[in-house]
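Asker:
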Amino acid sequence: MGFTYDPQVQLAQLFPSESSLDNIDEVLSYIDEHKKQSALAIEKETAKYAYPIDLQADIETFTQSFSAVREKSKQTQAKILAMTSSIQRLDTVKKNLVISMKVLKRLQMLVNAYNSLNEVVNTRNYKQIATYLGVVKELLVFFKPYRSIDQIGLLNQHIHKTQNKLVDDVFIDFEDSFTNNFSNENLIYGCEILQLIDEKYKDKLLQWFYNLQLKEIRSIFSSTEEAGNLDNLNRRYIFFKNVLSNIQSNYLSVFPQSWRVDYELTKLFCEMTSSDLKVQLRTVTSAEILLDSLTKSLELEKFLNDTFKTNDFEKVISNVFEPYLITWVNEQDGVLNAKFMEFFSAPKIPQELVSPETPDDILTVLRINNVPNFASSSSELFKLFQKLLLQIIKLSNGKILLDLARLDLKYLREYNYKILVPVIQQSENNPKGIEPIKYLTMILNTADYMNNNINDLQDKFKKLIDEKYKERIDFESAKNLFYDVINKSVQGLVSKVAHDLQFSWRQFENNGWEAMESVSDTSNYMEDIINTMKDDNRVILTLIIRDSYVRSYCDKLIEMLVHTFVNKLKLIKPLSIVNIEQILVDVSILKNYMAKLPLYSDPNYDDSKPPEESKSAPKAYLRYLDTQFNRLTTLLKLLLTPVLPVDNVIESYFNLIGDKSLKNFTKFLDLKNINKAEQGKYIENFKLQLTIPNALSDESPILSMLDDIHEEHPQPKHPSSQASPQQFDIKELISSRSPEPHIPDIFKTNPARLKINNPLKDFSINGEQHVNKINENFRNIGKFFRKDTSHDYHS
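In UniProt numbering, the protein residues as written are 1 to 795.
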């Protein structure tokens with residue numbers, strides 16, 4: 001790094017203060033003296049270079065000196081080479097002499113080894129022969145580059161002739177030993193000789209040995225022979241086991257252990273058997289023979305894996321059966337179809353519930369036995385599914401499980417369409433009495449049982465089947481069918497109650513509303529409604545097993561009652577304030593009864609006694625009850641509004657109903673008995689009010705459930721009869737949320753359809769004639785349907 005001189009720094013050092021300027025003369029004198037001394041020193045140094053430097057001359061002198069040195073170097077190298085050439089020739093001669101001596105020595109060793117080999121070659125002492133042959137083969141490798149030399153080439157030919165003789169001798173001795181069944185321990189060295197001579201002779205010997213051992217099996221169990229049928233497959237396996245045992249006992253010592261002749265022979269047998277089976281399986285028609293053959297093949301594979309301590313024989317034969325197992329599946333199709341014939345004739349409900357004809361009788365049975373009301377055929381079906389799955393999984397976990405799953409899915413659909421759905425149709429055609437309740441609750445419980453077991457069945461298939469087929473296992477379509485049946489069962493039960501309430505609603509219409517002057521405690525029609533519902537619900541709710549469906553049924557019943565009540569209001573003329581106040585009292589009594597409805601699921605519940613605090617209805621249910629009944633009471637409160645002034649009517653409508661639907665507003669005017677001529681001013685005022693910004697909804701559910709009052713033949717309706725029914729999703733039944741229902745009116749009031757006899761009852765009694773005794777296991781099924789100890793709701 002260069003030196004940098006800064007005079008300002010130097011001046012600051014020389015004159016650090018103003019007073020130091022007084023010495024400036026001395027400083028200048030010192031500097032002047034220093035300059036003079038520096039000038040003299042420069043002159044002295046310059047004088048040393050008085051003569052000029054001749055660079056070109058120096059370079060030429062250096063070049064001449066370098067050339068002279070190089071020439072001397074070449075001369076020196078030539079002298080050295082001349083001196084060492086004789087030494088190099090001597091080294092070459094020495095090297096060639098060493099190689100020659102080595103070749104001669106190796107040649108002598110080869111000749112001696114060959115002579116020794118020739119001396120013992122006829123003795124058949126293969127152990128000694130193998131020793132000499134090993135030496136000869138090793139030396140021959142050394143002489144491979146020298147085969148062009150006549151003497152070495154001739155010696156090589158003699159050695160090859162000797163080897164060929166040895167190969168023939170070994171093969172003759174092997175054939176003699178195996179043909180005459182005597183052991184020759186010397187043969188193991190014969191194997192070593194063959195391997196030394198050439199690997200191809202080892203392969204040839206093994207091929208001969210394997211063919212010899214499998215010759216009888218090929219002959220006896222050929223696919224063209226009777227013994228080659230699948231019926232005799234086990235005999236084939238037993239025969240081979242004897243062959244294998246004989247080899248392991250008598251002949252393993254003849255072959256080197258590394259050859260593993262028993263293992264390789266077994267592989268060949270398995271390949272041969274697989275090939276034969278592919279031909280035989282094309283014509284198999286009996287599933288029993290097919291499964292028996294597969295079972296025997298699996299047993300053989302296990303035996304071989306255990307014998308050789310390996311897994312190499314896993315499915316080496318049994319894989320051949322996989323494409324043909326569909327024969328077994330087809331046979332099980334027939335078995336399941338025959339089972340369904342039993343299901344058709346078997347009773348659909350438990351024997352204990354067949355005879356009782358009154359709610360009290362059924363409650364007595366349930367209090368004593370707690371019999372689960374479901375079709376025992378459903379459990380039998382799943383037992384059969386389980387049996388088939390356990391049977392086939394022992395044999396294969398491949399595509400056959402996919403075929404079996406399809407078969408199960410087929411009969412799940414069959415069970416739905418042929419066993420459950422017809423019962424719902426029977427209930428629709430015969431709504432009278434207690435029989436429809438027995439069967440509809442049975443359908444509901446059975447469909448729920450089916451769905452729960454479908455989930456388990458699907459999980460088992462996915463757990464057991466080969467990984468590549470897992471995603472193809474899907475029972476969702478069957479589950480959806482049973483969800484639909486559950487849906488229809490709940491709808492049917494609500495419609496059954498609606499049917500039984502028709503007489504009570506006729507009492508409602510004929511309650512003498514026009515002559516009513518004051519409000520009483522309870523109307524006669526309301527007492528009849530509650531008594532009718534008690535009779536039905538005591539049975540319905542105790543026969544429904546799962547609490548979530550109890551809740552669903554109660555929700556739908558509430559909706560049906562509110563809907564029916566709203567539509568019955570238009571039949572009261574005049575709809576006076578007294579009438580409305582009486583209805584409000586009646587609605588309050590009905591709501592109090594409905595608040596206890598879920599408690600009827602307990603057969604020991606006594607509604608004449610005040611319920612215990614711990615047995616109150618779930619809070620979520622009570623909230624839903626309030627929501628639905630508030631719609632009815634809101635409408636009734638709106639109907640209490642005087643028809644004048646008009647502004648008050650509009651204001652009350654907006655406050656209570658809170659929608660801007662002109663259609664709903666017109667329904668209210670009709671219900672209020674305001675004639676069409678006077679409705680115009682109300683409608684104009686309504687429209688005028690809507691021009692002001694508001695937070696009104698498009699359509700309130702309160703008046704949406706009210707049907708058109710000016711129908712030609714007004715009839716009471718519930719949600720099922722609406723133009724655009726909205727199905728509820730049964731999958732959400734376990735939640736506390738209550739979706740809007742669609743409840744079909746499957747029970748019509750057409751007298752022509754009400755027969756004196758009851759086919760449902762006949763159906764249950766006749767079904768008993770085909771079964772003398774219900775399976776004892778049926779009683780144990782109850783543990784799967786035990787009532788939940790805690791309500792399945794979210795409070």
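Cβ coordinates follow ideal geometry from the N, Cα and C atoms, glycine included. Computed from a predicted structure; not experimentally measured.
What are the partner residues of D176, as DSSP defines its beta bridges?
Answerer: Indexing the sequence shown from 1 puts residue 176 at position 176. D176 is not bridged to any residue.
Asker: Taking P701 as the reference, which of K660, D528, Y600 has the closest Cα?
Answerer: Counted from its first residue, the sequence shown places residue 701 at position 701. Nearest C-alpha to P701: K660.
Asker: If contacts are defined as beta-carbon pairs under 8 Å, then residue 803 and I580 qualify, I think. What distance do you get, rounded to the angstrom?
Answerer: Residue 803 is absent from the structure shown; the chain starts at 1 and stops at 795.
Asker: So what does DSSP say about D32, is it helix, strand or coil?
Answerer: For this step, residue 32 is matched to residue 32 along the sequence shown. Looking at D32 - three-state DSSP - the assignment turns out to be helix.
Asker: May I have a chain-ordered list of the alpha helix (DSSP H) segments no shorter than 4 residues that lie completely inside the UniProt domain "Vps53 C-terminal" (581 to 674)?
Answerer: As far as the UniProt domain "Vps53 C-terminal" (581 to 674) is concerned, its whole alpha helix (DSSP H) runs of at least 4 residues are 619 to 639, 646 to 656, 662 to 671.
Asker: Quick one: grab the DSSP three-state call for S697.
Answerer: Here residue 697 refers to the residue found at position 697 when the sequence shown is read from its first residue. S697: strand per DSSP, three-state reduction.
Asker: How is D262 classed by DSSP in three states: helix, strand or coil?
Answerer: Position 262 of the sequence shown holds residue 262. Helix.
Asker: So what does DSSP say about L395, is it helix, strand or coil?
Answerer: By 1-based counting over the sequence shown, the position of residue 395 is 395. Here L395 sits in coil by DSSP.
Asker: Does G492 pass the burial test, meaning 16 or more other C-beta atoms within 10 Å, or should it be called exposed?
Answerer: In the sequence shown, residue 492 corresponds to position 492, counting from 1. Label assigned to G492: buried.
Asker: By Cβ distance below 7 Å, which residues in the same chain neighbour residue 812 in space, the five residues on each side in sequence not counted?
Answerer: The displayed coordinates of the chain run from 1 to 795. Any statement about residue 812 would go beyond what the structure contains.
Asker: Give a yes or no on whether the C-beta atoms belonging to F686 and I650 are separated by under 9 Å.
Answerer: For the purposes of this step, residue 686 is identified with residue 686 of the sequence shown, where counting begins at 1. For the purposes of this step, residue 650 is identified with residue 650 of the sequence shown, where counting begins at 1. Yes, these two residues count as a Cβ contact at 9 Å.
Asker: Mapping the DSSP letters down to three states, classify I434 as helix, strand or coil.
Answerer: Position 434 of the sequence shown, counted from the start, is the residue given in the question as residue 434. Coil.
Asker: Quick one: using the 10 Å Cβ neighbour count with 16 as the cut-off for buried, is V539 buried or exposed?
Answerer: Within the sequence shown, numbered from 1, the residue matching residue 539 stands at position 539. It counts as buried.
Asker: Is the beta carbon of L252 less than 9 Å from the beta carbon of V329?
Answerer: Here residue 252 is taken as the residue at index 252 of the sequence shown, counted from 1. Here residue 329 is taken as the residue at index 329 of the sequence shown, counted from 1. Going by C-beta atoms, L252 is not nearer than 9 Å to V329.
Asker: Evaluate E26 with the Cβ neighbour count: other Cβ atoms within 10 Å of its Cβ, from every protein chain shown; 16 or more gives buried, anything less gives exposed.
Answerer: The residue labelled residue 26 in the question sits at position 26 within the sequence shown. Its Cβ having fewer than 16 others within 10 Å, E26 is exposed.
Asker: Output yes or no for whether 9 Å exceeds the beta carbon distance between D231 and I317.
Answerer: Taking the first residue of the sequence shown as 1, we reach residue 231 at position 231. Taking the first residue of the sequence shown as 1, we reach residue 317 at position 317. Between D231 and I317, the CB-CB gap reaches or exceeds 9 Å.
Asker: Which same chain residues end up closer than 8 Å to I674 when comparing Cβ atoms and leaving out the 5 residues on each side of it in sequence?
Answerer: Here residue 674 corresponds to residue number 674 of the sequence shown, with the count starting at 1. V643, Y682.
Asker: Can you give me the C-alpha to C-alpha distance between Q37 and Y30, rounded to a whole angstrom?
Answerer: The residue you call residue 37 lines up with position 37 of the sequence shown. The residue you call residue 30 lines up with position 30 of the sequence shown. When the Cα atoms are used, Q37 and Y30 turn out to be separated by approximately 11 Å.
Asker: For the region 297 to 311 and the region 371 to 390, state whether three or more C-beta atom pairs, one from each stretch, are separated by less than 8 Å.
Answerer: no
Asker: Quick one: residues in its chain with C-beta nearer than 8 Å to the C-beta of V519, no 5 flanking neighbours on either side, listed in chain order?
Answerer: As a first step, residue 519 must be located in the sequence shown, where it is residue number 519. V578, E581, Q582, V585, listed in sequence order.
Asker: With DSSP run on the structure shown, which of helix, strand or coil describes I42?
Answerer: As a working note, residue 42 is residue 42 in the sequence shown. I42 sits in a helix when the DSSP states are folded into three classes.
Asker: So for Y5, helix, strand or coil by DSSP?
Answerer: Translated into the one-based positions of the sequence shown, residue 5 becomes position 5. Y5: coil per DSSP, three-state reduction.
Asker: My output table needs one value for D361: the three-state DSSP class, helix, strand or coil.
Answerer: Taking the sequence shown and counting its residues from 1, one reaches residue 361 at position 361. Of the three classes helix, strand and coil, the one that applies to D361 here is helix, per DSSP.
Asker: Would you kindly check if the distance between the Cβ of K568 and the Cβ of F508 is under 9 Å?
Answerer: Walking along the sequence shown from the start, residue 508 turns up at place 508. Walking along the sequence shown from the start, residue 568 turns up at place 568. Cβ distance < 9 Å, so F508 and K568 count as in contact.
Asker: Specify whether the region 245 to 263 and the region 217 to 226 touch according to this definition: at least 3 beta carbon pairs, one from each stretch, less than 8 Å apart.
Answerer: These segments do not touch.
Asker: Rounded to the nearest angstrom, how far is the Cβ of L671 from that of L706, given a contact under 8 Å?
Answerer: One-based indexing of the sequence shown puts residue 671 at position 671. One-based indexing of the sequence shown puts residue 706 at position 706. With a Cβ gap of about 7 Å, L671 and L706 count as contacting.
Asker: Does Y251 come out as helix, strand or coil in the three-state DSSP assignment?
Answerer: To locate residue 251, count along the sequence shown from 1; it is residue 251. Of the three classes helix, strand and coil, the one that applies to Y251 here is coil, per DSSP.
Asker: Among the candidates D203, D198, I197, L212, whose CA atom is the shortest distance from the CA of N181?
Answerer: Taking the sequence shown and counting its residues from 1, the one referred to as residue 181 is at position 181. Comparing Cα positions, the closest option is L212.
Asker: Of the residues E43, S601, E527, which one's Cα is nearest the Cα of A617?
Answerer: Taking the sequence shown and counting its residues from 1, one reaches residue 617 at position 617. Ranking the options by Cα distance to A617, first place goes to S601.
Asker: Let me know the secondary structure DSSP gives P574 once reduced to three states.
Answerer: Within the sequence shown, residue 574 is the residue found at index 574, counting from 1. Coil.
Asker: Pick from L268, P645, K496, L412: whose alpha carbon is nearest that of D333?
Answerer: On the sequence shown, position 333 is the one that residue 333 refers to. Taking only the C-alpha atoms, the option nearest D333 is L412.
Asker: DSSP state of F475, grouped into three classes?
Answerer: Counting from 1 along the sequence shown, the entry for residue 475 is found at position 475. Coil.
Asker: Hey, N373 and I545: beta-carbon distance below 9 Å or not?
Answerer: For the purposes of this step, residue 373 is taken as the residue at position 373 of the sequence shown. For the purposes of this step, residue 545 is taken as the residue at position 545 of the sequence shown. Yes.
Asker: So what's I159 in DSSP terms, helix, strand or just coil?
Answerer: The sequence position of residue 159 within the sequence shown is 159, counting from 1. DSSP places I159 in helix when its eight states are reduced to three.
Asker: Check the C-beta distance from L440 over to S489 and give it rounded, since I have them as a contact under 8 Å.
Answerer: Locating residue 440 in the sequence shown gives position 440, counting from the first residue. Locating residue 489 in the sequence shown gives position 489, counting from the first residue. Yes, they are in contact, since the Cβ atoms of L440 and S489 sit about 5 Å apart, within 8 Å.
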